[in-house]
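S.K.: Residue numbers (this note's numbering): 4 to 161.
Have a look at this one before I ask anything.
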């Protein structure tokens, strides 16, 4: 939410109205159970972005990754198990932190061939891949992102 608020104008959102009109409550059941890390950070950010931008999330994509306040996507644990679960659920595209790419060496070759793994360094890349452009319902080939912010991410990547 902090990332979206900071870049609201790049997304065409009114920084005052967009965030004062929506109340956000994130409930993580069984929060006291130890986990490998905040793996659902990009997923929660994408869900919030979907509501604020009125851009549906593709239903054929899975994602994992921790997100910083500046929108950087950080590595998570248990990637192999998450990819196996995606395949079992019929998902073929999975967005993963770029920092987890070395973990792909541990995957059986058959599993790697069945998946399209998209490495992401920034939540902008997640949004671009996971959100459907407004007015393009069902257009899973044309993900959406704010152009000004996308250009900023490309500059940052250099």
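By construction, the Cβ of each residue, glycine as well, lies at the ideal position given by its N, Cα and C atoms.
Around the Cβ of residue 74, are there at least 16 other Cβ atoms within 10 angstroms (buried) or fewer (exposed)?
M.R.: The sequence position of residue 74 within the chain shown is 71, counting from 1. With 16 or more other Cβ atoms within 10 Å, it is buried.
S.K.: Taking the alpha-carbon of residue 87 as reference, which of 47, 14, 120 has the nearest alpha-carbon?
M.R.: For this step, residue 87 is matched to residue 84 along the chain shown. Minimum Cα distance to residue 87 is reached at 120.
S.K.: So for residue 118, helix, strand or coil by DSSP?
M.R.: Within the chain shown, the letter at position 115 stands for residue 118. Three-state DSSP puts residue 118 in coil, outside helix and strand.
S.K.: When we look at the beta-carbon of residue 100 and count the other beta-carbons within 10 Å, is it buried (16 or more) or exposed?
M.R.: Mapped onto the chain shown, residue 100 falls at position 97. So residue 100 counts as buried.
S.K.: May I ask you to report which of helix, strand or coil DSSP gives residue 99?
M.R.: For the purposes of this step, residue 99 is taken as residue 96 along the chain shown, with counting starting at 1. Of the three classes helix, strand and coil, the one that applies to residue 99 here is strand, per DSSP.
S.K.: If I'm right that residue 60 touches residue 134 with Cβ under 8 Å, what's the distance once you round it to whole angstroms?
M.R.: In the chain shown, counting from the first residue as 1, residue 60 sits at position 57. In the chain shown, counting from the first residue as 1, residue 134 sits at position 131. Residue 60 to residue 134, Cβ: 6 Å. Contact.
S.K.: Quick check on the burial criterion: 16 or more other C-beta atoms within 10 angstroms. Buried or exposed for residue 68?
M.R.: Counting from one through the chain shown, the residue named residue 68 turns up at place 65. Label assigned to residue 68: buried.
S.K.: From residue 80 to residue 14, what distance separates their C-alpha atoms?
M.R.: By 1-based counting over the chain shown, the position of residue 80 is 77. By 1-based counting over the chain shown, the position of residue 14 is 11. Each residue's alpha carbon lies about 31 Å from the other.
S.K.: Taking all protein chains shown into account, do 16 or more other C-beta atoms lie within 10 angstroms of the C-beta of residue 7, making it buried, or fewer, making it exposed?
M.R.: Looking up residue 7 in the chain shown gives position 4. So residue 7 counts as buried.
S.K.: What does the alpha-carbon distance come out to for the pair residue 82 and residue 125?
M.R.: By 1-based counting over the chain shown, the position of residue 82 is 79. By 1-based counting over the chain shown, the position of residue 125 is 122. In a straight line, the C-alpha of residue 82 is about 18 Å away from that of residue 125.
S.K.: Can you grab the Cα-Cα spacing for the pair residue 93 / residue 131, in whole Å?
M.R.: One-based indexing of the chain shown puts residue 93 at position 90. One-based indexing of the chain shown puts residue 131 at position 128. The straight-line gap from Cα to Cα measures roughly 21 Å.
S.K.: Residue range of the beta strand (DSSP E) that residue 9 falls in?
M.R.: Position 6 of the chain shown, counted from the first residue, corresponds to residue 9. From DSSP, residue 9 is part of no beta strand (DSSP E) but of the alpha helix (DSSP H) over 5-9.
S.K.: Leaving out five residues on either side along the sequence, give the residues of the same chain with a beta carbon under 7 Å from the beta carbon of residue 29.
M.R.: Here residue 29 refers to the residue found at position 26 when the chain shown is read from its first residue. If we look at residue 29 and ignore the five residues flanking it on each side, its Cβ neighbours are 47.
S.K.: Can you check whether the CB of residue 55 is closer than 8 Å to the CB of residue 16?
M.R.: Numbered from 1 along the chain shown, position 13 holds the residue referred to as residue 16. Numbered from 1 along the chain shown, position 52 holds the residue referred to as residue 55. Closer than 8 Å, so yes.
S.K.: Would you kindly work out how many angstroms separate the C-alpha atoms of residue 64 and residue 128, rounded to a whole number?
M.R.: The residue labelled residue 64 in the question sits at position 61 within the chain shown. The residue labelled residue 128 in the question sits at position 125 within the chain shown. When rounded, the distance between both Cα atoms is 13 Å.
S.K.: Smallest Cα separation from residue 43: which of 52, 117, 70, 58?
M.R.: To locate residue 43, count along the chain shown from 1; it is residue 40. Measuring from the Cα of residue 43, the nearest candidate turns out to be 70.
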